[in-house]
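Trainee:
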Amino acid sequence: MSDFKLTRRRIRGGYYEGLLTTNARLKGQPVVELHLPDTSLGDVSITATGKGGKTWDVIAKIPSVSINEGIQTYILRDGNSGDTLDSFAVVTGEPLQEDLRSEISLMRAELDMLKRSFRRHVVDSSG
Numbered sequence: 020m021s022d023f024k025l026t027r028r029r030i031r032g033g034y035y036e037g038l039l040t041t042n043a044r045l046k047g048q049p050v051v052e053l054h055l056p057d058t059s060l061g062d063v064s065i066t067a068t069g070k071g072g073k074t075w076d077v078i079a080k081i082p083s084v085s086i087n088e089g090i091q092t093y094i095l096r097d098g099n100s101g102d103t104l105d106s107f108a109v110v111t112g113e114p115l116q117e118d119l120r121s122e123i124s125l126m127r128a129e130l131d132m133l134k135r136s137f138r139r140h141v142v143d144s145s146g
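Reading the sequence shown from the start, the letters are residues 20 to 146 in our numbering.
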């Protein structure tokens with residue numbers, strides 16, 4: 020488990036912005052990397068905030084070449100331990116609307132099935 024906590028501030032104009040904090044004693048500056056599940060997108064900018072050497076501003080440029088049709092999941096990792104600090108998804112494309120609708124429809128059907136099963140269980144156990 021990482022000694023760091025990364026709190027997202029915002030994603031705007033192609034940049035991820037966050038605040039990295041720790042309670043651990045460090046030698047040197049932390050390393051944070053931006054990844055797609057199968058590709059490293061490189062290190063991110065880390066700037067000490069001056070609050071006792073335990074907080075840093077984190078800015079990661081989201082490369083435009085990595086934004087493609089569908090869902091892209093970006094992962095920010097501790098560069099030393101490899102632990103995931105934060106993740107976010109970028110969803111694009113028209114065909115995706117159909118995928119989301121079908122996924123919601125499937126989830127509704129599963130929820131209805133669970134409701135029926137639960138009601139049947141309540142009736143059987145109280146009767």
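All C-beta atoms, glycine included, are put in the ideal place defined by N, C-alpha and C.
Between which two residues does the beta strand (DSSP E) harbouring T26 extend?
Mentor: Locating residue 26 in the sequence shown gives position 7, counting from the first residue. For T26, the enclosing beta strand (DSSP E) stretches over residues F23 to R31.
Trainee: From D102, W75 and V84, pick the residue whose C-alpha is nearest to that of G47; which is it?
Mentor: Your numbering for residue 47 matches position 28 in the sequence shown. Cα-wise, what sits closest to G47 is W75.
Trainee: State the CB to CB distance for the pair D57 and G98, rounded to an integer number of angstroms; the pair is presumed to be in contact (CB under 8 Å).
Mentor: For this step, residue 57 is matched to residue 38 along the sequence shown. For this step, residue 98 is matched to residue 79 along the sequence shown. Between G98 and D57 the Cβ distance is about 18 Å, and since that is not below 8 Å, they are no contact.
Trainee: Apart from the five residues just before and just after S64, which ones in its own chain have a Cβ nearer than 6 Å to its Cβ?
Mentor: Here residue 64 is taken as the residue at index 45 of the sequence shown, counted from 1. When the five nearest sequence neighbours on each side are left out, the beta carbons in the same chain lying within less than 6 Å of the beta carbon of S64 are those of I78, in order along the chain.
Trainee: Going by the DSSP bridge assignment, what does F107 pair with across the sheet?
Mentor: Sequence index remark: in the sequence shown, residue 107 carries index 88 (1-based). F107 pairs with Y93.
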